[in-house]
Amino acid sequence: MKIIMLGAPGAGKGTQAKMIADKYQIPHVSTGDIFRANIKNGTELGKKAKTYMDAGELVPDELTVDLLMDRISQPDCANGYVLDGFPRTIPQAECLEKALEERQEAVDFAIDVEVPDDSIIKRMSGRRACLNCGATYHIVHIPTKVEGICDRCGSPLVLRDDDRPETVKNRLAVYHQQTRPLIDFYSSRKVLHEVDGTQSMEKVFADIVKVLGE
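For this note's numbering, count along the sequence shown from 1 and bump the result up by 26.
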């Protein structure tokens, strides 16, 4: 079961990816984690990626896919995996498709967690983070016992720059320009399934399970 998660930043696809991984006992694979692991372990691919990252450049799609294919070749991916955060563009999707074809494999499901932009802006601007211990909250959905104070360590909470409305709007603009076209790409491959991401986390997951099967 090879699954790709799609959706705008803040749509909740990362949370759903973790829940899918737990239920179906398959790895939750994120390219960020792959980069960090390869750089930490000093692999050849990791060294190549680090040269681009140190220069402040994007890691080329081909190298990212090489790192990804190396990861999904591990024994724990024998029964499938759920990809989170990749592909983000049509060229990346094409690169991934070609690499999978060489292994006589293909993506089985592309799950699109659909949430309107207005809802995402409201959702993300309500997030609060503790810079001391890393705990995250939401003023509506996960409030703290004392407003503005971390339950875990008592430090003040902040609205991260990434979650400010103007930043979120910019990220959404990039998403619509670069990543949204993937909806049509995977629809044409007959593997796209859309779920309503405005529902509760549990209901969204229940809808995804209906798609994937028990």
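Yeah, the Cβ is synthetic: ideal placement off N, Cα and C, and Gly gets one too.
What is the DSSP secondary structure of Leu121, counted as helix, strand or coil?
-> Position 95 of the sequence shown, counted from the start, is the residue given in the question as residue 121. The sequence shown places Cys at residue 121, not Leu. Helix, per DSSP.
Could you name the residues that DSSP lists as bridge partners for Leu183?
-> The residue given as residue 183 occupies position 157 in the sequence shown. BP columns for Leu183 point to Cys156.
For Ala34, is the classification buried or exposed, using 16 other Cβ atoms within 10 angstroms of its Cβ as the cut-off for buried?
-> Mapped onto the sequence shown, residue 34 falls at position 8. When all chains shown are included, Ala34 counts as buried.
Given a threshold of 16 other Cβ atoms within 10 Å of its Cβ, counted over all protein chains shown, does Ile20 qualify as buried or as exposed?
-> Because the chain is modelled from 27 through 240, residue 20 falls outside the range shown and cannot be assessed.
Going by DSSP, what residues sit across from Glu140 in a beta bridge?
-> Numbered from its first residue, the sequence shown carries residue 140 at position 114. For Glu140, which the question treats as bridged, DSSP gives the partners Asp222.
Starting from the Cα of Phe135, find the closest Cα among Lys74, Ile209, Asp48 and give me that residue.
-> Walking along the sequence shown from the start, residue 135 turns up at place 109. Nearest C-alpha to Phe135: Ile209.
Is there contact between the segment 115 to 130 and the segment 48 to 68, where contact requires at least three CB pairs shorter than 8 angstroms?
-> No: fewer than three Cβ pairs fall under 8 angstroms.
Own chain residues within Cβ distance below 6 angstroms of Met31, not counting five before or after | By one-based count along the sequence shown, residue 31 stands at place 5. Same-chain partners within the cutoff: Lys39, Ala43, Asp110, Ile137.
Start and end residues, beta strand (DSSP E) containing Ser241 = This structure cannot settle anything about residue 241, because the visible part of the chain is limited to 27 through 240.
Quick check: the segment 172 to 188 against the segment 143 to 154, are there 3 or more CB pairs under 8 angstroms?
-> yes
Go ahead and label Arg129 buried or exposed: buried means 16 or more other beta carbons lie within 10 angstroms of its beta carbon, across all protein chains shown.
-> To locate residue 129, count along the sequence shown from 1; it is residue 103. It counts as exposed.
So, are the CB atoms of Val141 and Cys121 less than 7 angstroms apart?
-> As a working note, residue 141 is residue 115 in the sequence shown. As a working note, residue 121 is residue 95 in the sequence shown. Cβ atoms of Val141 and Cys121: not closer than 7 angstroms.
Measure the alpha-carbon distance for Arg97 versus Ile60 and round it to whole angstroms.
-> As a first step, residue 97 must be located in the sequence shown, where it is residue number 71. As a first step, residue 60 must be located in the sequence shown, where it is residue number 34. Roughly 7 angstroms between the two C-alpha positions.
What's the C-alpha gap between Val217 and Gln225?
-> The residue you call residue 217 lines up with position 191 of the sequence shown. The residue you call residue 225 lines up with position 199 of the sequence shown. Looking at the two C-alpha atoms, the distance is approximately 22 angstroms.
Ignore the nearest five residues each way along the sequence and tell me which others in Thr41's own chain have a CB closer than 8 angstroms to its CB.
-> The residue labelled residue 41 in the question sits at position 15 within the sequence shown. Closer than 8 angstroms at Cβ, skipping near neighbours: Met227.
Relative to the alpha-carbon of Ser214, which residue among Val133, Ala199, Ile147, Val172 has its alpha-carbon at the smallest distance?
-> As a first step, residue 214 is located in the sequence shown; it is residue number 188 there, counting from the start. The candidate whose alpha carbon is nearest that of Ser214 is Val133.
Do you know offhand how far Glu127's Cα is from Gly82's?
-> For the purposes of this step, residue 127 is taken as the residue at position 101 of the sequence shown. For the purposes of this step, residue 82 is taken as the residue at position 56 of the sequence shown. Spanning the two alpha carbons is a distance of roughly 31 angstroms.
Is the CB-CB distance between Val76 and Ile65 below 7 angstroms?
-> Here residue 76 corresponds to residue number 50 of the sequence shown, with the count starting at 1. Here residue 65 corresponds to residue number 39 of the sequence shown, with the count starting at 1. Sequence check: residue 76 is Lys here, not Val. For Lys76 and Ile65, yes; Cβs fall inside 7 angstroms.
Helix or strand or just coil, what does DSSP make of Met162?
-> Indexing the sequence shown from 1 puts residue 162 at position 136. Inspection of the sequence shows that residue 162 is occupied by Thr rather than by Met. Of the three classes helix, strand and coil, the one that applies to Thr162 here is strand, per DSSP.
DSSP bridge partner residues for Lys28 (one or two, in chain order) = The sequence position of residue 28 within the sequence shown is 2, counting from 1. Lys28 is bridged to Tyr107.
Among residues of its own chain, excluding the 5 on either side of Asp143, which ones have a beta-carbon nearer than 6 angstroms to its beta-carbon?
-> Here the question's residue 143 lines up with position 117 in the sequence shown. Contacts found: Leu198.
Enclosing alpha helix (DSSP H) for Ala75 [first to last residue] = Residue 75 sits at position 49 when you count from the first residue of the sequence shown. That run of the alpha helix (DSSP H) goes 70 to 80.
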